[in-house]
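J.: Take a look at the following structure, please.
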Amino acid sequence: MPFIKEFADIFEKVKAGTRLSETDGIRLIKTNNIAELGAMADFVKRRLHGNKAHFTHSINVNHSNICVLSCKFCAFAKKKNEEGAYALSVDEIERRVKVAASHGVWEVHIVGGLDPELKLSYYEEMLRRIKKSCPGVLIQAFTAVELDFYARLEKISAEEVIDRLIAAGLGGVPGGGAEIFSERARALICAPKISATRWLDIHKMVHRAGLRSNATMLYGHVETPEERVDHMIRLRETQDETGGFLAFVPLAFQPDHNELSYLPRTSGITDIQVLATARLMIDNFPHIRQLWNYVDEKLIHVALEYGVDDLGGTNFDEIIAKAAGSASKGFTYDELVGLIRACHHEPVEVNSTYTAIQKDCLVAR
Ligand code: SF4
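The C-terminal residue of the sequence shown carries number 364 in numbering that gives the first Met the number 0, and the numbering is unbroken.
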């Protein structure tokens with residue numbers, strides 16, 4: 000049991016399983032006493048997961064970088080006729096996933112830009128072809144922002160979009176596009192994007208349809224510590240309603256090649272304040288995930304002691320973080336396992352629904 004002095008009142012609540020207040024969250028996220036903050040977050044993490052560190056062997060497919068929006072933090076999106084703009088054919092996507100599955104990858108993560116030329120039938124075909132070629136692979140795809148866009152493009156409800164994609168093979172929804180829920184900060188970095196309320200409503204629809212999803216938070220740009228805590232509380236309240244979220248995934252802002260490049264990278268202290276506070280505040284999310292490609296490698300070494308139980312996927316082919324200047328060199332499967340062991344944790348390979356899989360049925364025979 001850690002000895003906690005400055006935050007003794009909060010630790011009493013943590014031990015008793017009493018929900019922390021907004022005021023508690025703001026005290027935690029602003030503190031430089033990361034020793035006590037980390038000890039409390041680690042206490043909760045070990046109560047839930049012991050010494051386990053989850054990870055997924057996955058491929059990232061970014062099917063199109065053409066996007067009708069221009070979010071200020073985005074270094075990935077292009078306009079249709081801009082140099083470097085692309086949209087992958089379903090054949091090419093199927094080929095990439097088959098190659099990955101033959102190397103033991105068992106999850107495909109698909110997100111892309113809001114490309115007005117790609118119809119819902121393209122996404123349905125993509126999912127069906129992947130499931131036919133690689134039946135054992137779980138497909139986690141399409142952010143709430145993308146699902147909303149498909150609905151508006153097809154002039155149908157988002158519920159219908161979700162149902163049709165599930166029928167085609169969708170197995171889960173990633174947490175992207177949440178950015179920061181604060182209306183003030185959202186207006187400054189991604190004004191035309193769907194509102195926080197709509198993002199949360201789409202996830203409620205996903206949960207009602209029987210799928211699980213994740214939730215991100217983009218931090219380290221124009222938002223305040225109070226707005227980070229507000230974001231966490233809105234997620235906690237939604238989770239109270241549906242219970243459908245699995246992982247909270249904080250994403251440190253990457254400052255290269257975008258309109259916010261004048262901002263500095265987040266400090267290690269900020270990263271830890273966010274991770275550890277999230278573990279304590281979002282008490283109804285089972286998992287806190289630190290994607291290794293969004294922070295310095297040495298931060299990953301300590302994140303597992305500050306509330307994190309999940310390092311995400313091996314994610315080869317990931318280009319969104321790289322486009323924005325992620326300094327991470329990337330990890331192979333063996334390197335990620337080795338890193339977890341070097342941090343004195345037990346590596347546990349899962350898919351994004353945190354279930355085991357029969358690896359011998361990944362690729363259709
Ligand atoms: S963040 Fe997403 S929606 Fe915004 S410009 Fe980039 S690809 Fe488009």
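Don't be surprised by glycine CBs; every beta carbon is placed ideally from N, CA and C.
Out of Pro346, Thr276, Thr331, Thr241, point me to the one whose CA is closest to Val104's CA.
T.: It is Thr331 whose Cα lies nearest to the Cα of Val104.
J.: Any residue with its C-beta under 5 Å from a non-hydrogen atom of the ligand SF4 counts. Can you list them all in chain order?
T.: Chain-ordered list of matching residues: Cys66, Leu68, Cys70, Cys73, Ala76, Gly112.
J.: For the alpha helix (DSSP H) holding Lys203, just list the boundary residues, first then last.
T.: First-last of the alpha helix (DSSP H) with Lys203: 195-207.
J.: Ala167 and Arg211: beta carbons closer than 8 Å?
T.: For Ala167 and Arg211, no; Cβs fall outside 8 Å.
J.: Residue range of the alpha helix (DSSP H) that Lys297 falls in?
T.: Unbroken alpha helix (DSSP H) run through Lys297: 296-302.
J.: Classify Asp23: buried if its beta carbon has 16 or more other beta carbons within 10 angstroms, exposed otherwise.
T.: Buried: at least 16 other Cβ atoms inside 10 Å.
J.: Indicate the three-state DSSP secondary structure (helix, strand or coil) for Phe54 in the structure shown.
T.: In the structure shown, Phe54 sits in a strand (DSSP, three-state: E or B).
J.: Using DSSP with H/G/I as helix, E/B as strand and the rest coil, what is Ser156?
T.: Coil.
J.: Using 8 Å as the threshold, is the C-beta distance between Pro173 and Thr196 below it?
T.: No. Outside cutoff.
J.: Suppose the cutoff is 7 Å on Cβ atoms and the five residues either side in sequence are ignored; what does the same chain contact list for Pro191 look like?
T.: Here the set comprises Leu68.
J.: Just the Cα atoms here: how many angstroms apart are Ser351 and Thr215?
T.: About 14 Å.
J.: Can you give me the C-alpha to C-alpha distance between Ile319 and Leu117, rounded to a whole angstrom?
T.: Per-residue confidence for Ile319 stands at a pLDDT of 48, beneath the threshold of 50, marking its modelled position as unreliable; no derived number is given.
J.: Would you call the region 253-267 in contact with the region 217-227, where contact means no fewer than 3 C-beta pairs closer than 8 Å?
T.: Segments in contact, yes.
J.: Hey, Met39 and Ile92 are a contact pair by Cβ (cut 8 Å); roughly how many whole angstroms apart?
T.: Between Ile92 and Met39 the Cβ distance is about 43 Å, and since that is not below 8 Å, they are no contact.
J.: How many Å lie between Lys97 and Asn61 at the Cα?
T.: Computed Cα separation, rounded: 16 Å.
J.: Run through DSSP, which three-state label would Pro1 get?
T.: Three-state DSSP puts Pro1 in coil, outside helix and strand.
J.: If you count every other CB in all the chains shown that lies within 10 Å of the CB of Phe6, and 16 or more means buried, which is it?
T.: The residue in question, Phe6, is buried, as its Cβ has 16 or more Cβ neighbours within 10 Å.
J.: Which residues bound the beta strand (DSSP E) around Ala76?
T.: Ala76 -> no beta strand (DSSP E), and no H or E assigned at all.
J.: Within this structure, are the beta carbons of Phe244 and Asn213 separated by less than 8 Å?
T.: Yes, these two residues count as a Cβ contact at 8 Å.
J.: Does DSSP put Arg128 in a helix, a strand or coil?
T.: It is helical.
J.: Tell me the DSSP secondary structure of Ala167 in three-state form.
T.: Reduced to three states, the DSSP call for Ala167 is helix.
J.: Which two residues bound the contiguous alpha helix (DSSP H) that contains Ser212?
T.: Taken as a continuous stretch (DSSP letters only), Ser212 belongs to no alpha helix (DSSP H), being part of the beta strand (DSSP E) at 212-218.
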